[in-house]
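Chemist: Quick note: the sequence shown uses my numbering, first residue 1, plus one each step. Cβ coordinates follow ideal geometry from the N, Cα and C atoms, glycine included. Computed from a predicted model, the values in this text were never measured in an experiment.
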Amino acid sequence: MIFCKKTVIVLVIVLVVLFLLFSPLFSGEAYPAGNKYINNSLLNGNIREGEAYVWYLGHSGWAVKTKNHFLIFDYSPMGSIPAELSISNGHIEPFEMKYQNVFIFVSHAHGDHYDPEIWKLEKSIDSVTFIFGWQPEKNKSHNLHITEPRTKKYMDGMEILTIYHEFDGIPEVAYLVKVDGLVIFHAGDHGSTGEILNPLFKDNIDFLSKNSNGIDMAFISQFGSKGGGEVNKGDLYTIEQLKPKVTFPMHRGGGERVYKKFAQEAADKGAKTRFFCVERKGDRFFYQNNMKK
Ligand SMILES: [Zn+2]
């Protein structure tokens with residue numbers, strides 16, 4: 001009886017060891033040890049036209065998973081970097097992107113929007129394309145596409161439209177992307193904080209409005225108002241003209257608590273959109289374009 005028990009225990013241990021050794025081969029996945037990959041099922045699961053998962057990557061950085069594409073906007077991981085990177089803590093971990101069709105959009109060269117480290121992803125992700133609003137110094141990657149001001153670019157079933165400005169003395173764009181049944185606007189640093197709308201800002205928004213017929217989600221940089229308060233005339237004009245169903249305030253990395261205040265103030269001033277306010281890196285949202293405002 002005792003002998004039998006021992007045999008069974010040894011057998012179980014051997015089986016467990018064999019299973020641990022060979023299970024990655026059978027499952028078809030081989031994640032590096034120690035990583036949690038909490039949202040892997042979401043990254044590789046089914047998602048329909050007009051739907052998206054959205055992750056906050058800090059400051060103006062976002063990841064948007066649509067039916068056939070994985071878009072990353074202005075990812076610049078500032079501040080402390082966790083030991084284990086994952087989309088669920090607001091960081092791009094190449095292995096998680098393994099099966100994604102990745103498009104990395106960068107609006108301009110400021111460090112809070114562009115980290116040259118992102119070029120490393122070219123080696124570690126099978127399918128990755130970079131879309132920039134200017135020619136980054138010395139870069140000759142064949143995966144790089146430079147967007148011209150106010151021109152449409154088509155790639156992989158996506159339509160990309162830009163607006164252009166040099167409000168801070170360097171070339172900057174903002175992106176309007178039509179992809180998988182969604183229209184997405186990422187403002188970069190396109191803003192107007194004065195009491196009077198900057199004429200180029202207004203013209204840019206009018207141009208996008210004419211080319212969009214309402215948008216699904218808008219990522220809008222929150223710069224406050226020179227006249228006081230969190231919401232400026234540019235924010236209200238953008239929401240009024242582009243009519244985003246959902247608006248994500250951004251550009252206050254580390255000060256995310258302000259977003260709720262911004263949303264309340266904008267609503268009080270007549271902004272007709274639904275605000276999604278992040279609190280920390282890795283916050284995730286699900287969007288369907290038939291959702292109510
Ligand atoms: Zn900025």
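Does the distance between the C-beta of residue 235 and the nearest non-hydrogen atom of ligand 1 fall short of 7 Å?
Modeler: The residue given as residue 235 occupies position 235 in the sequence shown. Not under cutoff, so the answer is no.
Chemist: Is residue 167 helix, strand or coil when you go by DSSP?
Modeler: Reading the sequence shown from its first residue, position 167 is the one you call residue 167. In this structure, residue 167 counts as coil in the three-state DSSP scheme.
Chemist: Does the pairing of the stretch 88 to 98 with the stretch 165 to 182 give three or more beta-carbon distances under 8 Å?
Modeler: No, the stretch 88 to 98 does not touch the stretch 165 to 182.
Chemist: Comparing the CB of residue 189 with every heavy atom of ligand 1, is any distance shorter than 7 Å?
Modeler: Working through the sequence shown from its first residue, we reach residue 189 at position 189. Yes.
Chemist: According to DSSP, is residue 261 helix, strand or coil?
Modeler: On the sequence shown, position 261 is the one that residue 261 refers to. The answer is helix: DSSP assigns residue 261 an H, G or I state.
Chemist: Evaluate the contact criterion for the stretch 225 to 239 versus the stretch 266 to 274: three or more CB pairs, one atom per stretch, below 8 Å.
Modeler: Yes: the two stretches touch, three or more of their Cβ pairs being nearer than 8 Å.
Chemist: Suppose contacts are defined by Cβ-Cβ distances below 8 Å. Is residue 142 in contact with residue 155 by that definition?
Modeler: Numbered from its first residue, the sequence shown carries residue 142 at position 142. Numbered from its first residue, the sequence shown carries residue 155 at position 155. Against a cut-off of 8 Å, the Cβ pair of residue 155 and residue 142 comes out as no contact.
Chemist: List the whole-angstrom C-beta distance separating residue 183 from residue 160, where the pair is believed to meet the contact cut-off of C-beta under 8 Å.
Modeler: For the purposes of this step, residue 183 is identified with residue 183 of the sequence shown, where counting begins at 1. For the purposes of this step, residue 160 is identified with residue 160 of the sequence shown, where counting begins at 1. Contact flag wrong, Cβ pair sits at about 11 Å.
Chemist: Any idea which residues DSSP pairs residue 175 with across the strands?
Modeler: For this step, residue 175 is matched to residue 175 along the sequence shown. Residue 175 pairs with 162, 186.
Chemist: If distances are taken between C-alpha atoms only, which option among 279, 153, 95, 163 comes closest to residue 207?
Modeler: Taking the first residue of the sequence shown as position 1, residue 207 is located at position 207. When only C-alpha atoms are compared, the closest one is 163.
Chemist: Name the residue from 279, 219, 276, 139 whose alpha carbon lies nearest to the alpha carbon of residue 72.
Modeler: Position 72 of the sequence shown holds residue 72. Per the Cα distances, 219.
Chemist: Taking DSSP's pairing of strands, which residues face residue 65 in a bridge?
Modeler: For this step, residue 65 is matched to residue 65 along the sequence shown. Paired residue(s): 53, 70.
Chemist: Are the beta-carbon atoms of residue 277 and residue 244 separated by less than 8 Å?
Modeler: Here residue 277 corresponds to residue number 277 of the sequence shown, with the count starting at 1. Here residue 244 corresponds to residue number 244 of the sequence shown, with the count starting at 1. No; because the gap between Cβ atoms is not below 8 Å, this pair is not in contact.
Chemist: Quick check: is the beta carbon of residue 219 nearer than 8 Å to any beta carbon in chain C?
Modeler: This model lacks chain C altogether; it includes just one protein chain.
Chemist: Under 8 Å, do residue 77 and residue 115 count as touching if we go by C-beta distance?
Modeler: As a working mapping, residue 77 is identified with position 77 in the sequence shown. As a working mapping, residue 115 is identified with position 115 in the sequence shown. Contact flag set, yes.
Chemist: Using a 10 Å radius around the Cβ and a threshold of 16 neighbouring Cβ atoms, would you call residue 99 buried or exposed?
Modeler: By 1-based counting over the sequence shown, the position of residue 99 is 99. Under this definition residue 99 is an exposed residue.
Chemist: For a minimum of 3 consecutive residues, which ranges assigned as the beta strand (DSSP E) are wholly contained in the stretch 195 to 251?
Modeler: Runs of the beta strand (DSSP E) inside the stretch 195 to 251: 215 to 221, 244 to 250.
Chemist: So, is residue 252 buried or exposed, given that buried needs 16 or more other C-beta atoms within 10 angstroms?
Modeler: For this step, residue 252 is matched to residue 252 along the sequence shown. Under this definition residue 252 is a buried residue.
Chemist: According to the neighbour-count rule (16 or more other Cβ atoms, all chains shown, within 10 Å of its Cβ), is residue 321 buried or exposed?
Modeler: What is shown of the chain runs 1 to 293, which leaves residue 321 out entirely.
Chemist: Provide the residue(s) that pair with residue 274 in DSSP beta bridges, ordered along the chain.
Modeler: Locating residue 274 in the sequence shown gives position 274, where the first residue counts as 1. In DSSP, residue 274 forms a bridge with 246.
Chemist: Specify, as a first and last residue, the run of the alpha helix (DSSP H) that residue 319 falls within.
Modeler: Within the shown structure, residues of the chain are numbered from 1 to 293, placing residue 319 beyond reach of any answer.
Chemist: CA-CA distance, residue 128 and residue 190?
Modeler: Start at 1 with the first residue of the sequence shown, and residue 128 comes out as number 128. Start at 1 with the first residue of the sequence shown, and residue 190 comes out as number 190. Straight-line Cα distance between these residues: approximately 26 Å.
Chemist: Would you say the beta carbon of residue 251 is closer than 7 Å to some non-hydrogen atom of ligand 1?
Modeler: Translated into the one-based positions of the sequence shown, residue 251 becomes position 251. Residue 251 Cβ: within cutoff of ligand 1.
Chemist: Report yes if the C-beta distance between residue 180 and residue 68 is below 8 Å; otherwise report no.
Modeler: Reading the sequence shown from its first residue, position 180 is the one you call residue 180. Reading the sequence shown from its first residue, position 68 is the one you call residue 68. Contact: yes.
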